[in-house]
Amino acid sequence: MLALYQAARQLLDAGRVAEACAVLEQGRTLDPTAINLLLRLGECLARAGRTAGAWNVFSEAAAVARSAGDPRAARAAAIASALEPRLSRITIDVPAAGAAPGLEIRRDGVLIPPAQWGRALPVDPGTHTVEARAPGRRRWSTVRAVPPDGARELVHVPPLEHEPPPRAPSAALPGPRGQAPRLLASAGRGDGDGGGRAQRVIALASGGAGLVGLGLGAAFGLEAIARRDASNRGHCDARSRCDAAGVALREDAQAAGTASTVAFSAGTAALLAAGLLFWTAPPKAAAPPPARRAAAAATAGPGAFSLVVGGSY
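The following block contains the structure:
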């Protein structure tokens, strides 16, 4: 703990106030009852302009000292009282008539319990993201800039819109007698060398498409990792509490990850089909080869791809 005190003091002397507060926060996690550390952390947060954080820490220090019979309780309580008129506050208004079942309200990624809806809650000056979500409803969010020195900000949460019903998977166009369309159907007997050559060409084309799918999957995967890393650089903390830019980066990372999964699946299926089609292609010998049959059918829908391959040998 002494090492943390010394590190924080050196950072403060160098004018690196935010880093000093982070070091003291680490010490608070290790020992939340260390009164002297709480007092130093409160002073650091106040110096950084984080009045709500400082007020919370001084109030906590007063409670800890009071329970321990420590005379420093009076000092901590007095500082907290002096900070209270300077607190900026956000009120999140949620009309009861428009509240969806299962509604959750979060401020900067932290869940706000319903008991605190409609109350003026202390916040540090700066930008804050308020988000509302509920099962089966579209997510809503807004970003508000809260000035210092007792500013008040009111956020009205509108009724959340219903999510549109999921679309049914695209139906395959019916073929003769209601059969699924065939990408390829081949028979080893009666095709001759021309049929085998055509099947091998289609196999090579399918293999090329598979390689393209794997390449796209890798590209989207790298994009997802890059977006996730970008959100962690100053936009999201270790508890996944994000500002507006961080929320957008996390959503982009999730979309890229989904695209990577679909591309990898489609590419792998195309490569498997290419191998099977090439293997079952009739050889170039004059004698008719044994009957070999292969068939492949594909269906595609929103965010999904499936390929079914079969044959007899």
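Just so we're aligned: 245 in my numbering is position 260 of the sequence shown, and the numbers increase by one with no gaps anywhere.
Built from N, CA and C at the ideal position, the CB exists for glycine as well.
This structure is a prediction, so every number in the text was calculated from the model and none was measured.
Exposure label - residue i; buried when at least 16 CB within 10 Å
i        : result
Thr243   : exposed
Trp40    : buried
Gly173   : Because the pLDDT of Gly173 is 43, which lies under 50, any placement of that residue in the model is unreliable, and the number read from its coordinates should be weighed accordingly. Classification for Gly173: buried.
Arg(-6)  : exposed
Leu(-13) : exposed
Thr36    : buried
Val232   : buried
Arg137   : exposed
Arg152   : exposed
Asp222   : exposed
Glu116   : buried
Pro166   : Per-residue confidence for Pro166 stands at a pLDDT of 46, beneath the threshold of 50, marking its modelled position as unreliable; the derived number appears in the next sentence. By the 10 Å Cβ count, Pro166 comes out exposed.
Asp134   : exposed
Asp(-2)  : exposed
Leu139   : exposed
Beta-carbon proximity list for residue i, same chain, < 6 Å, skipping 5 on both sides
i      : result
Gly121 : Glu148
Val8   : Leu(-11), Ala(-8), Ala(-7)
His141 : Asp78
Leu199 : Gly252
Residue range of the unbroken beta strand (DSSP E) whose run includes residue i
i      : result
Trp125 : 125 to 131
Glu89  : 89 to 92
Arg74  : 73 to 78
N- and C-terminal bounds of the alpha helix (DSSP H) containing residue i
i       : result
Asp(-2) : -13 to -2
Val115  : Note, Val115: premise wrong, no alpha helix (DSSP H); beta strand (DSSP E) at 111 to 118.
Cys2    : Checking the sequence shown, residue 2 turns out to be Val, not Cys. Unbroken alpha helix (DSSP H) run through Val2: 2 to 15.
Glu138  : Where Glu138 is concerned, there is no enclosing alpha helix (DSSP H), although the beta strand (DSSP E) it sits in stretches over 137 to 141.
Leu30   : 20 to 32
Leu68   : 57 to 68
Ala46   : 36 to 53
Pair within 9 Å by beta-carbon distance, residue i and residue j
i      : j       : result
Ala5   : Leu(-4) : yes
Leu23  : Ala(-8) : no
Ile20  : Arg57   : yes
Ala251 : Ala209  : no
Ala119 : Pro150  : no
Residues near residue i in its chain [Cβ-Cβ closer than 7 Å; skip 5 each side]
i      : result
Ala229 : Thr114, Val128
Ala3   : Ala33
Arg13  : Leu22, Leu23, Leu26
Ser245 : Gly202, Phe205, Gly206, Ala209
Ala50  : Ile20, Arg57, Ala58, Ala61
Close-in-space but distant-in-sequence residues of the same chain around residue i (CB under 8 Å, 5 per side omitted)
i      : result
Leu96  : Glu89, Ile90
Leu316 : With the chain covering only -14 through 298, there is no way to say anything about residue 316.
Exercise. Quick one: any contact between the region 61 to 74 and the region 31 to 50, if contact means 3 or more CB pairs under 8 Å?
Worked result: yes
Exercise. When the Cβ atoms of the region 71 to 81 are set against those of the region 93 to 112, are three or more pairs found closer than 8 Å?
Worked result: yes
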